[in-house]
Every structure is written in structure tokens, then in C-alpha cells.
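*Asks:* Protein chains in written order, with the working numbering: chain W, 24 to 674; chain C, 24 to 674. Cβ atoms here follow ideal geometry from the backbone N, Cα and C, with glycine treated the same way. Note that this is a predicted model, so its numbers are computed, not measured. Provided herewith is a single structure, encoded as C-alpha cells, for subsequent inquiry.
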């Protein structure tokens, strides 16, 4: 059989299985899948260099399905090829029976790509649109750095390419000259609720790509030869390339084409009709009823893995001295964001898997101390002002085994919350660092202040990830020693962490011997009247409040609750030793740390008096930290007044 | 004096004031501001049709400063022109003294554009980059609909144009043929930490705009005549136009040009030097020491405002009958998302200020019942798969006095959280509707499920907006009557609301006479042993649990807590009448409703037994609601078992 006939026969076989799978599941996106039948067949059976029995082999090409809802076509191919699936202890070649378990609760064959549920063919969970090309860029960066001769293919929907993140990723690919990443735009002309805009036509997508400096191959996405030629060409060119493919949504089955069939499976008579239409098409295209030829999948290059060993990182004081900060060390003050930069550089020097990413504020987050180190620069990715892309690139790096630290202002990380959640679903071992958190940056005003951030990340800390750990640890170092140590702790831990750093220079509270651990806290002052709980910058304000209270004869305990989640029993124990009186002080909106303590209190069943001080208005600019603290009712004097009221003094 | 000399003289005067202002404030972004000196002078003194004494006059041109950090140049012009500033009761023409109060706590002259602090020249708070063009698009849409002959100018930084949202906005402008919005790209070549990428060079920005169908004018942004010509041309062409201006960061003051001066004011000797350099430049460019000529600001067209009066909207049953759903009404079941669509259409017919926006899922959110109504279609904006742009367009519409309802899957709204917070800072009266919230959509899996959303919006509910109301109300209707009524309630209320709707068809719990109010809840079953609190879809599961408990002789109270914040006293009162036992059940991650109840409990100082059931793992696909509920431990039987354990039965 000719190449064309082989591809048509196989594509139609997969298409028919897709229809069956979606009918079994009662949902799915069969028509999007059918638009990819030929592209996926040529790619997975004739184009990609990979091993179905070992899809994660280091030099294997990878496929990121950005338009995750089209996944049934990939499942169909994987079932046909016997691709290895399953969680540890239950790994096996995929079968057609597996495919028909699509979307079952106990099945690995999830509604959208979901590697952590036992489908390692994929590197990342997708389905929230527009993120795949950035993930592919991260995989491409890692492969280039590791000198792995592999290609990352990424399939993107036309409607999906309206997402700005796609264009952030395109700029990033061109900036980084990542010729090992190839985007394939699947232009099937239909979105979910309507035809796609003319702004997402194959012509316009092509023009936009060319304007951005990408070499474009426009093809008919159902022409096997054209697809193969385009694939061969991009493999030869040392430039960022993209394939723009015109396809038909519901190809081969006219009865389910056009609008109205986006998320709907054909069942019963409609299913029979659609499969018959495909069958008829197969006869006309293959001029034969014989089965397709066996696939000839190109093999990946043999790979001998190199193991890097991380050295132990030096401590904060030593790092300060090594980096010409001995005199600064002696001043006893250093901003937590600077300590982060120092730790990042130390880490980079100790561990070759550590990467840093930043979004044009590396001189504010101090990621620049990593970026500007000549030996570390190759592991720094400047992501420019495009936070969504940065997060998904980090997820791609993590999928390739790297430990990426992504930083920007904590406020601007919000731009990537959807990407962060998808990274969590992907099991990505990423570290997020948000600088200028809370209100202490003062002068720039609310557009630069992270205020609901703790609440959002705390939500992730209330559930467990696929490894059984909290979905995220939130870390708020109060001094440079803590920031430095916690950065090292993050690197050791496998899972997502979010660290808030702060703008102001602050006094040292700790030393090199203080041990910081996820889930722990530090007691800074032991009293008996009241437990004050704070974190980050506000610990210093609470420290001042403790002194004011002392003058009033009130003996307060101060806890630096640098981690959420935390050891609730130990904290409540302390509260009990302070008359059950708790005051939580934080520099962000509520539903955050104070609320976490409220959860702990009510969970314990014991009675506590809990008061929460947090930002309760939209802040504005102020020239000094003192002014903004007063504006938000969080000045030391205000904290002390509240504390005194709680213990019944000075009311 | 010639036009050029007049502009140079004025621009330099403003530039010098900018340097003084930033020196006074001790921060600011003077060099970005100086790159805009000529553009802003030509625009505000010779181009825009507006009235400094009444900047919000309906037909006045508007200026959105997307690169908010460059705001000192606008302040300088406003001080020079005596633009009206100030909150109600303190409105006055701005002075140079006002300008020098930049970033003071008590000043209206905030660090970034901040209309709600008393600077109505701006429509939107900016400073988190990439959002301005979308806001401008919303203003442009409203102006076109209201037949107001005005233009919306939007200044965007070159580094900022890396944000994907800018390109979402460009596609939207072209889709909507919004020729009354003009983007001006300020290409000063420097970002914060580095030179901008070649991907953001004026050439490449120009090519990208042309690829997207925009007519581009490339100019020297310090050439007064070139600027004026470009402004005149875009005013004549009935196409979407953009001006790409090459500028110099720190123009006129070589001593502060180049990298390292992004967020830094010149002070002391450096300030004197920079001002001197500008002074010298002024002499060479104006060949004269005389002051600049008086500005000739084109006046806006006279405007006679038309007042539309909203009619009272009909009730749910009547709306169902009017829209041919009488037989569906009789089934006693209707999804909350459908009820939202119905209410939206009713609202649109009753109130000409109501708009609807959606992001290619209008057939899932049921915004299509608005969009497909011929009389309402002109007030529907299809935003395609670009949620960031959708939210900021809504903020622009709100700034123009409209009441926009923006809907998509609750999960995908996450893409716009940064934009939502900026809209909150802008005082935008927007209504957000997230469908398919929680886990009840089952089959599509976690990439489509909103899980930390309640925590994030709840954070906004813990503070107050500029009107003194909660920053956001979170609404979770449990049936169609509630969804319908709460949609009408949202329209009546001036402020931000977030409504979660759910995929499944659910039974009616209420009727047309039930009254729903922000901050309230409904008691569905009155017992005495235990208070079960839930909302949205989970109310139905709790209802089943109540029946199971009844069989065990447990008499539980069920509250439908459809609003956050809520009447805490009333809720705790109910808890006290139920032995102080509370069980909160929700279909999302924690830090959410249960945590809000924990806050209320601990705040009261009384002792309660509070148990929280929420999603504690990353869900995956399941084919049925029953399966996914069991997977997440939230099935009626699991709720009943937990409840029984709390009251000490069946342990």
C-alpha cells in the first residue's frame, strides 16, 4: 500500500475508535479529534523519533497537546501502538479496552491530558487552553541544555491561538532560538460556540507567525504527503518553524461536521452513520480493504544518562562573604528579596539542575544575581513581561527534571495562576517567588501589591498533590537568614512552593544555626498573656509592638509563622500557654494566615480568642512604610493597642 | 513661536516638572515619563478633544495609560492645565503643588493611575502591565453603542507589548472594527532590567500589528510635526490604527539615559544636571527663551445626555413561560447556568445598560440566550478564547457606565484574576459569572474545574472597596430560582460580584416568592442536632444527607449559604440552636466557605464544633456526578456519615 493509503487507513481506523470511545464515555470532543487524525498518524507513526514501549526515553521526541480536549485521537493511537501507561505497579501497554475506559473514575485515560493519573506519554496536564507551547518551550530549553537531540512537537487549536499566551510563547521561542520546538496549528475553523474569528484564520495565523520571525509551512492537514514533507522540512531547518494545517472538524464524517458538535459524542444511529461515512471514505482513499501497513516509527538516539550530583550549599554568612557582602552583613540588615538572590546563586552553583526564570524584574527580585553569574547564565531564562509564559516554561523545565525558580513581583504572578494550577495538576516541581508582597512596598501603590495571594495559595495548601503532600507550601521569610535557608529548603523538596519576599531592608532575626523547615514556625519571644502570630515583613512590626506591650506590662509571645501549612498542634499549644488569646497580623487581605489559624482553632474543638488584623481596604501609595502601615491599621502602635484590648488592658 | 518650538518648550517644561516630582517622592519612573514628553504634549494640548475642567465630559476623548508607571508626565500636564481632580467635596483644578505631592499618603496623585483616589482623568487603574488596550476597547465599544463621537487613546510601552493580552486586545479591536480606539506604542527600547527584546522593536511591533490587520503609522516620537500628522491621520481613517513611536528613555537628559534608571529618581546634583540638560536642549530647540504658547485644546462635541430608564424585570416562572420553557418548568429541574442565561436575557430587555461578554463558551454558560436575541446582540461582545482581554473590556464598559456581565467556565476566569483585581481597584461595576464551578462537571476532569476560586474571591470579600462595600460578593445559587433572582440582584448592586453556576440540571428548591439578597442565606430544613452549611450544587447532596440522617434519628438544619460575606450573627444563632455543631460542605478546595465560617466562629468568641468537608485531592475525570463526589469524599452518604459522627451517632 502507498504511504498515503497507509496513513489514510490508519487515521480512519483511529478516527473510528475515537467515535466509539466518546460514545462509551458519553462525552469528549470527537470532532476536534477527527480534525487531527492525519496529523497525529503521520506524526506518531512516521515522524516523531520515539519508543511507544518507553515514551519518556530521554532522547525521545515529545508531544504536547495544547488543545487538550482533542486528546481522544492520541489515546486511539496509543492504544493501537501499545504505548506504556499506568501508575507505578500497574504499568502496561495500552489497549483498545483501556481507550474505551475514557473518562472513567478508575481509568488512566482522563478527559484531558493528565500525566499524573498514569499517562506518562504527556509531560503536562493541558485543557485550560493556550499553555502548551510554553510548556514545549521549557522542554526544549532543557533538551538543548542537556544536549539531547530531540524535538518537542506542540499541537495548538486555531481558536485557542486567540490566547495571548501563545504569542508570548512564540516570542520566547524566537528570543531563545529554540529550533527544537515545532508548533503545529490545527486550523479546523470551528471553536466551541462559533466559527473562529478571521483573526485566527490559517492566513492570519501564518502572517502573525512570520511577523514574529517564525518560518511557516502552510499545508492541508489531511494530506499525508504534505504533512510528512512539512515534518521533514522543520527537522532540517535550524530556525523556529511552525506548521499551519488546514483541517476539517469532524473530517470524514459529514453528518457530525459544522457547529453544534464540539463537546458532543455521536451515539446510537448517529454513531453508526458517522462510522459508516468514515468507512466509505476509507475505501475511496485506500482503494483497498486490507489493513494499513505496520508503522515505521523512527527510533530516538541511544542515550547514556549522566548523573549530576548536587553539592551541599554554603550557609548565609559564608555566601555573603563569598560575594563581597561582608560589610553589608555587618550592618545587620538585608532585604529578604536580596537574600533570595544570594541563595539562588548559591543553589545554582551547588546543583546543576537548578534554573532561574524572571519577567523583566530580575533587578527587583534579585534573580539577577543568578542571571549575571557567567557560569549560571545558561540556566537563566529571561521571560520578559509575560508571566503566563514564564510559569508554563517552568512547568516544562520541571517535566524535564529541572528545578526551576520563577520570580516576579508577587502581584504579577497572579497573571499565571491558571498556569500554576495546571502545573500543580501536572505534578510540576516548580518554585514560585513573589517579591514586593503585601503593602510594604508603599510608594508604587496597589497595582504593584500582592494582597489576595496568600488566600489563593493557601487554598492549594488545603489539599494534597499526587505525591500526598500539601498542594503548595507558602513561605514568608521575615529576615535574610530565613529567606536564604528557605530557598535552599525549597530546592530540596519535591513539590510546589510559593515564597513571598519583601521590598524593605530588614534587621536580622536569626543566624546560620537556625533551622527552617516546611510546616514549622519559630518562636521569637516567649510570653504568657497573648500569642501574636505573624510572618514576613510584619514580624518586625509585631516585634515593635511586643516592646510597646512590654511597657504596659503585657507579656506577649511572638511566633514567626513562616510556613503555611504549619504544625497546628504546636501552635495551639503555645496559644494555650498564653491564655488562649491569639492575635494574627498580616499585610494582605483576609482568608489567609489568620483564617488558617481560625481553621486550626475550630478544628481543635477547643475554645480560643482569635483576632485577625489584615488589610481591610484597597491601599494606595504612601511614601514610607510607616505611613502605609498606619493607613491599613497595621502599625506597631495599632497592633499593640489591639493586643492590649484583647488582654483587657487599657480598654 | 512655531508649532514645533511650542511643543518642545511645553514638553521640556513638563519633563522638568516630572524630574522634580519624582525627586520629591523619592521614587517614580521619570525616564519612562520623559520618553513620552512630546507624545503627551501633542496629544493633550493639540490632539485630544476634551475639557481639562471637566475631563469626564461624555464626548471627551479619553486617555488610557497602559504603561501606568509613566504617569508622572500625565500629572505634569494635568497640573499645567489645571485639570479637575479630587474626591467629591474636594474637587479643584490640579496645581504644581499637587503634582509635587506625588505618592503621598493623603494625595490624589498616586504612584500609578488610580481614578478612585480622586483622579477622574483616568477611567481605570493601571500599573499591572498589558491591560490598558483592552480597557480602551471597552470604552470604545460603549462610545460606539452610545453614538458618542469620541476617541480612546491608549499608550503602551514596548516592553509591555510582550504581554499576550495586548495582542488579544488587538484581535478584539479588529474583530469589532473599533476604529475609535488608537493604540500608541512608546518604543523607548528599555524595559526595567534590560533592553527590550528584538521581538518588541518598533519594526517587529509594526509587522505584528499589520499581520493582525491594523493600519500602522511609524513615527519619531519626539518630532512634534510627525506626531501631529499621525494623530490627524488616525482621526480621518475609518480603520483600526496604531501609532508606533520611536522614543528615547530619559529624552533630553543624557545623564539619566540607558539602563539602571528605570525606577529611580534623580536627586541632588544628578537632578540639577538632568534639568540643566533639558534646559540646554530647550534653548537649542526653541531658539527662544520665551514661554510656550497657550495650548489650543480641541473641544469635544456638545452633548445632551439621554437617560434610559430600566424597567422592572419579570420573575423566573414568567421568564420561562415567555421563552417557551413552560414544559421544562413543569419538570421541576433546570441548571443554574441556564437560569443565568434566562435572567441575563430578561435583564437585557429591561435595562439598556446591561451588556454581556463571553469567551467562546456562550453555549455552555448560556450567555448565548442574550447573544442570540436580535435586539440584545449589539450589547453582546464575543471575546473568543481570551479571558484576560474579556475582563479588562468589561472594566472599560463599566467605566463608561455600563453593567457588564462577563462569563466563562469558572476555571478559565482564573486567567483574568490580575485584571479582576485591577478592575476592583478601578471601582469597576462588573459582574463575573463562572460556570461549571467545582467538581460537578465530572467528566472533563480537573483542567476544567474551578477549585481555589472561592478562596481567592473570598479574600476580596474580607476588605472594602472605595464605596465601603465588600470588595466582592460571592454568590452560589443552588437552584434556578436562586440563580435567576441573584442575577437580577447583581445588576441592581453597584460593585463587583462573582457568581458560580453549575453544570448539572438540578431540582427546584425555591419559588418566585423567595427573596434573595446579598449577604443573606436561606434555611432549607430546621433541625436541632447539627447545622449543615452548604451552597450551590452541594446543597442538593446535603439535602440527600439530611434524609439519610433523618433515618438515623438525627435532626439536622440545612442552610443554603448562597452569599459570601453573609450574616454571621444569624448563622451562629442557628448554630447555637443546633448544639453548636456545624458541618460545612463545599465542592472546592479549602480556605473558602468553611474557612469563612471558621472566621465567624472564632470572631464571635463563643465555642463551636466546626467540621469542614471540601475537596482535598486533585480530582480527575469520572463519568457521573455520583462517582466524582465519592472520589472526593463528598457523596451524600459520606456527608451523612460525617454528620452522624459529629453528633456521636454510629461512631
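Quick one: complete alpha helix (DSSP H) runs, 4+ long, within the segment 619-657 of chain W?
*Replies:* 648-654
*Asks:* Which residues of the segment 81-115 of chain W have a Cβ closer than 7 Å to any Cβ of chain C? Give them in chain order.
*Replies:* 91
*Asks:* Return helix, strand or coil for residue 683(C), following the three-state DSSP convention.
*Replies:* What the structure shows of chain C is the stretch from 24 to 674, and residue 683(C) is not part of that stretch, so it cannot be assessed.
*Asks:* Beta-carbon within less than 6 Å of residue 213(C)'s beta-carbon, same chain only, minus the 5 sequence neighbours each way: which residues are those?
*Replies:* 272
*Asks:* Beta carbon of residue 585(W), beta carbon of residue 525(W): below 8 Å?
*Replies:* no
*Asks:* Across which residues does DSSP place residue 393(C) in a beta bridge pair?
*Replies:* Looking at the DSSP output, residue 393(C) bridges to nothing.
*Asks:* Got a sec: which bits of the segment 150-161 of chain W sit with their beta carbon under 8 Å from any beta carbon on chain C, in order along the chain?
*Replies:* Contact residues of the segment 150-161 of chain W toward chain C are 150, 151, 152 and 153 (C-beta to C-beta distance below 8 Å).
*Asks:* Shorter than 8 Å from the beta carbon of residue 183(C) to some beta carbon of chain W?
*Replies:* Yes, residue 183(C) lies at the interface with chain W (some Cβ there is under 8 Å from its Cβ).
*Asks:* Is there a C-beta anywhere in chain W that falls below 8 Å from the one on residue 207(C)?
*Replies:* no
*Asks:* Give the interface partners of residue 616(C) over in chain W, defined as CB-CB distance under 7 Å, in chain order.
*Replies:* In chain order: nothing, as chain W lies at least about 10 Å away.
*Asks:* What's the gap between the Cα of residue 295(C) and the Cα of residue 40(C)?
*Replies:* Approximately 12 Å between the Cα atoms of the pair.
*Asks:* Is there a Cβ of chain C sitting closer than 8 Å to that of residue 417(W), yes or no?
*Replies:* no
*Asks:* Alpha carbon to alpha carbon, how far is residue 632(W) from residue 548(C)?
*Replies:* The alpha-carbon separation between residue 632(W) and residue 548(C) amounts to approximately 31 Å.
*Asks:* Would residue 93(C) be called buried (16 or more neighbouring beta carbons within 10 Å of its own) or exposed?
*Replies:* buried
*Asks:* Around the Cβ of residue 534(W), are there at least 16 other Cβ atoms within 10 angstroms (buried) or fewer (exposed)?
*Replies:* exposed
*Asks:* Applying the 10 Å Cβ sphere with the 16-neighbour rule, what's the burial state of residue 576(C)?
*Replies:* exposed
*Asks:* If you drop the 5 nearest sequence neighbours on each side, which residues of the same chain put their C-beta closer than 8 Å to that of residue 537(W)?
*Replies:* 504, 505, 508 and 545
*Asks:* Residue 583(C) by DSSP, collapsed to three states: which one?
*Replies:* strand
*Asks:* Tell me whether the beta-carbon of residue 201(W) lies closer than 8 Å to the beta-carbon of residue 167(W).
*Replies:* yes
*Asks:* Could you have a look at residue 231(C) and say whether DSSP puts it in helix, strand or coil?
*Replies:* helix
*Asks:* For residue 378(C), which beta-bridge partners are listed by DSSP?
*Replies:* 427(C)
*Asks:* If you draw a straight line from the alpha carbon of residue 159(C) to that of residue 256(C), how long is it in whole angstroms?
*Replies:* 19 Å
*Asks:* If I follow the unbroken beta strand (DSSP E) through residue 243(C), where does it start and stop?
*Replies:* 238-243
*Asks:* Give the range of the beta strand (DSSP E) segment to which residue 406(W) is assigned.
*Replies:* From DSSP, residue 406(W) is part of no beta strand (DSSP E); its letter is neither H nor E.
*Asks:* Excluding the 5 residues flanking residue 80(W) on each side, which residues of the same chain have their C-beta closer than 8 Å to its C-beta?
*Replies:* 73, 74, 323 and 326
*Asks:* Would you list the one or two residues that DSSP bridges to residue 176(W)?
*Replies:* 86(W) and 205(W)
*Asks:* Just reading off the alpha helix (DSSP H) that residue 55(C) is part of, what are its end residues?
*Replies:* 53-58
*Asks:* Please list, in chain order, the chain W residues whose beta carbon lies closer than 8 Å to that of residue 471(C).
*Replies:* Residue 471(C) reaches chain W at 134, 135, 150 and 151, counting residues in chain order whose Cβ is nearer than 8 Å.
*Asks:* Beta carbons nearer than 8 Å to chain C: which residues of the segment 215-243 of chain W have them?
*Replies:* The segment 215-243 of chain W vs chain C, Cβ under 8 Å: 215, 216, 217, 219, 220, 221, 222, 223, 227, 230, 231, 233, 234, 235 and 236.
*Asks:* On the criterion of 16 or more Cβ atoms from any shown chain inside 10 Å, does residue 111(C) qualify as buried, or is it exposed?
*Replies:* exposed
*Asks:* Just how far apart, CA to CA, sit residue 393(W) and residue 502(W)?
*Replies:* Their backbone Cα atoms lie some 20 Å apart in a straight line.
*Asks:* Does the segment 419-427 of chain W come close enough to the segment 436-456 of chain C to have 3 or more Cβ pairs within less than 8 Å?
*Replies:* no
*Asks:* Mind checking if residue 413(W) is an interface residue toward chain C, Cβ cutoff 8 Å exclusive?
*Replies:* Among the CB atoms of chain C, none fall inside 8 Å of the CB of residue 413(W).
*Asks:* Just checking: is the beta-carbon of residue 641(C) within a distance shorter than 8 Å of some beta-carbon in chain W?
*Replies:* yes
*Asks:* Between the C-alpha atoms of residue 70(W) and residue 251(W), what's the straight-line distance to the nearest angstrom?
*Replies:* 7 Å
*Asks:* Using the beta-carbon of each residue, which ones in chain W are nearer than 9 Å to residue 363(C)?
*Replies:* Those within 9 Å of residue 363(C) in chain W number zero; the least Cβ separation is about 15 Å.
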